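Chemist: In UniProt numbering, the protein residues as written are 1 to 437.
Just so it is clear, CB atoms sit at the ideal spot from N, CA and C, and this is done for glycine as well.
None of the values given here were measured: they were computed from a predicted structure.
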């Protein structure tokens, strides 16, 4: 018996690990923790070093795996291949060796759900969506789990669709998968984030119903309450572009300066800076602009009433921007001049600032506007029954306070005295990020 023990594989390292597989699992988890929580221990200025530092630690972990490979039994070989494949899969780019190891792991143990999920991630990085979906579906056949469900939610929403019916079906499937993931573990913040993005896809791709936007924002709030880890680039982008209920959500949106090495959508800062600058310039340098604002530019909204195409008469009284109340302002019309627009690579929403006769500045966001359409500096714009949000918050020791008018449909606007035509209204479109809900 003593001779047999002397022949057993031994480890020369000084670290204790009776269970070598569990030891290697801990080593793998520590690398992922470093990657995923990098900005909890590093400054924004160090973001550019994140990938380099991750790869440096990866190289050290691979040496540890090599030193301990001879200790792995045949029974544990599948788990070892999975862990090493997962280790290599920590970087953002596709890794061929990771794919080979994960495939081998599944061949050795087809019931290893974690290996199915990790291989799905690997194929995803290689843009092989079909194989990726097959892997996550394979994992679900073995065991219903939140990782497979939320991954499928993202993937099916990215699948190319030849018809609108196919697109709608994919979006609905993605929403269903996301709901199931949350039901499995209501305390998982990442699942709530994926659900929020699924609702947003439904809003843009199926029906632009404000109720869906509220469900979207509610899901993001649930994620944040659970400590997530909702700080992904798409999370902020969706919040900023999908719903300007900033009074409730802005503290969440602006909590971090950088996410995964990317600055939070710069459009929000352009918007805030534009508003602050225009409020000053509108009162000191914009005398000519203010004097050019004339009630005649109300067009069909002038004269105290507006008659709709079907003959219905609506009372409309011109009001100053400073007299608007938070929420819907019924039987009110406001008039102003466009003094700046906020550059946005996307079309949702079209954002600009305008001033009224008193020099009061307001931010206006127009949704459902056709690509390439909008207003330009110098245009007069009249908005009937404006929906107002008063924004008041602090960021980086600077106080921001401004009014925001949300316009759901551009056809209600009067520009330069004329009601805008229907060609200003956009057809429903949806833009999906390649990865990482």
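Select from 382, 305, 90, 297 the residue whose C-alpha is nearest the C-alpha of residue 52.
Modeler: Here residue 52 is taken as the residue at index 52 of the chain shown, counted from 1. The shortest C-alpha to C-alpha distance from residue 52 to any of 382, 305, 90, 297 is the one to 90.
Chemist: Flag this pair as yes or no: are the beta carbons of residue 320 and residue 356 separated by less than 8 angstroms?
Modeler: On the chain shown, residue 320 is found 320 positions in, with the first residue counted as 1. On the chain shown, residue 356 is found 356 positions in, with the first residue counted as 1. A contact, by the Cβ cut-off of 8 angstroms.
Chemist: Give the list of continuous alpha helix (DSSP H) stretches no shorter than 4 residues that lie fully inside the region 122–199.
Modeler: 129–142, 146–158, 164–184
Chemist: What residue range does the beta strand (DSSP E) around residue 384 cover?
Modeler: For the purposes of this step, residue 384 is taken as the residue at position 384 of the chain shown. Membership of residue 384 in the beta strand (DSSP E) is indicated by the continuous run 380–384.
Chemist: Whole angstroms is fine: what's the gap from residue 216's alpha carbon to residue 195's?
Modeler: Walking along the chain shown from the start, residue 216 turns up at place 216. Walking along the chain shown from the start, residue 195 turns up at place 195. So the alpha carbons of these two residues sit roughly 7 angstroms apart.
Chemist: Return the CA-CA distance between residue 446 and residue 333, expressed in angstroms with no decimal places.
Modeler: Within the shown structure, residues of the chain are numbered from 1 to 437, placing residue 446 beyond reach of any answer.
Chemist: Taking residue 178 as the reference, give the member of 158, 168, 152, 167 with the closest Cα.
Modeler: Mapped onto the chain shown, residue 178 falls at position 178. It is 152.
Chemist: Where does residue 331 sit, in a helix, a strand or coil, going by DSSP?
Modeler: Taking the first residue of the chain shown as 1, we reach residue 331 at position 331. Coil at residue 331, not helix or strand.
Chemist: Out of 377, 327, 360, 318, which one is the CA nearest neighbour of residue 339?
Modeler: Working through the chain shown from its first residue, we reach residue 339 at position 339. Selected option, being the one with the closest Cα: 377.
Chemist: Is any beta-carbon of chain B found at less than 8 angstroms from that of residue 200?
Modeler: No chain B appears in this structure, which consists of one protein chain only.
Chemist: Identify which residue in 175, 296, 48 has its Cα closest to the Cα of residue 202.
Modeler: The count along the chain shown starts at 1 and reaches residue 202 at position 202. Closest option to residue 202, Cα to Cα, is 175.
Chemist: Straight-line CA distance for residue 106 to residue 86?
Modeler: Position 106 of the chain shown, counted from the first residue, corresponds to residue 106. Position 86 of the chain shown, counted from the first residue, corresponds to residue 86. About 13 angstroms.
Chemist: What are the partner residues of residue 406, as DSSP defines its beta bridges?
Modeler: The residue you call residue 406 lines up with position 406 of the chain shown. Looking at the DSSP assignment, residue 406 forms a beta bridge with 365, 387.
Chemist: To which residues of the same chain is residue 417 closer than 6 angstroms at the C-beta, ignoring the five residues directly before and after it?
Modeler: The count along the chain shown starts at 1 and reaches residue 417 at position 417. For residue 417, where only same-chain residues beyond five positions count, the Cβ hits under 6 angstroms are 297, 299.
Chemist: Who are the near neighbours of residue 375 in its chain, counting only those whose CB is closer than 7 angstroms to its CB and skipping five residues on each side?
Modeler: Translated into positions along the chain shown, residue 375 becomes position 375. Short of 7 angstroms from the beta carbon of residue 375, and not among the five residues preceding or following it, lie these beta carbons of its own chain, in chain order: 338, 352, 381, 415.
Chemist: Could you tell me the alpha carbon to alpha carbon distance between residue 311 and residue 301, rounded to whole angstroms?
Modeler: On the chain shown, residue 311 is found 311 positions in, with the first residue counted as 1. On the chain shown, residue 301 is found 301 positions in, with the first residue counted as 1. Cα-Cα distance, rounded: 14 angstroms.
Chemist: Buried or exposed: where does residue 141 fall if 16 or more other Cβ atoms within 10 Å of its Cβ makes it buried?
Modeler: For the purposes of this step, residue 141 is taken as residue 141 along the chain shown, with counting starting at 1. Residue 141 should be labelled exposed.
Chemist: From the DSSP output, which residues share a beta bridge with residue 108?
Modeler: Against the chain shown, residue 108 aligns to sequence position 108. Bridge partners of residue 108: none, in fact.
Chemist: From the DSSP secondary-structure annotation, give me the bridge partner or partners of residue 439.
Modeler: Residue numbering for the chain in the displayed model covers 1 to 437; residue 439 lies beyond these limits and cannot be assessed.
Chemist: Tell me the DSSP secondary structure of residue 318 in three-state form.
Modeler: Locating residue 318 in the chain shown gives position 318, where the first residue counts as 1. The answer is strand: DSSP assigns residue 318 an E or B state.
Chemist: Which two residues bound the contiguous alpha helix (DSSP H) that contains residue 33?
Modeler: Within the chain shown, the letter at position 33 stands for residue 33. Looking at the DSSP string, the run of the alpha helix (DSSP H) that includes residue 33 is 20–36.
Chemist: Can you tell me the Cβ-Cβ gap for residue 149 and residue 83, rounded? I've got them flagged as a contact below 8 angstroms.
Modeler: Within the chain shown, numbered from 1, the residue matching residue 149 stands at position 149. Within the chain shown, numbered from 1, the residue matching residue 83 stands at position 83. About 23 angstroms separates the beta carbons of residue 149 and residue 83, which is beyond the 8 angstroms limit, so they are not a contact pair.
Chemist: Give the DSSP-derived three-state secondary structure of residue 463 in the structure shown.
Modeler: Residue 463 lies beyond the stretch modelled for the chain, which goes from 1 to 437, so this question has no answer here.
Chemist: Which two residues bound the contiguous beta strand (DSSP E) that contains residue 305?
Modeler: For this step, residue 305 is matched to residue 305 along the chain shown. Start and end: 305–307.
Chemist: Whole angstroms is fine: what's the gap from residue 98's alpha carbon to residue 135's?
Modeler: Translated into positions along the chain shown, residue 98 becomes position 98. Translated into positions along the chain shown, residue 135 becomes position 135. Straight through space, the alpha carbons of residue 135 and residue 98 are spaced by roughly 15 angstroms.
Chemist: Identify which residue in 307, 322, 323 has its Cα closest to the Cα of residue 316.
Modeler: Here residue 316 refers to the residue found at position 316 when the chain shown is read from its first residue. It is 307 whose Cα lies nearest to the Cα of residue 316.
Chemist: With DSSP collapsed to three states, give me the class of residue 113.
Modeler: Reading the chain shown from its first residue, position 113 is the one you call residue 113. Helix, per DSSP.
Chemist: CB residue 113 to CB residue 143, shorter than 8 angstroms?
Modeler: Within the chain shown, numbered from 1, the residue matching residue 113 stands at position 113. Within the chain shown, numbered from 1, the residue matching residue 143 stands at position 143. Closer than 8 angstroms, so yes.
Chemist: Between which two residues does the alpha helix (DSSP H) containing residue 312 stretch?
Modeler: By one-based count along the chain shown, residue 312 stands at place 312. Note, residue 312: premise wrong, no alpha helix (DSSP H); not H, not E.
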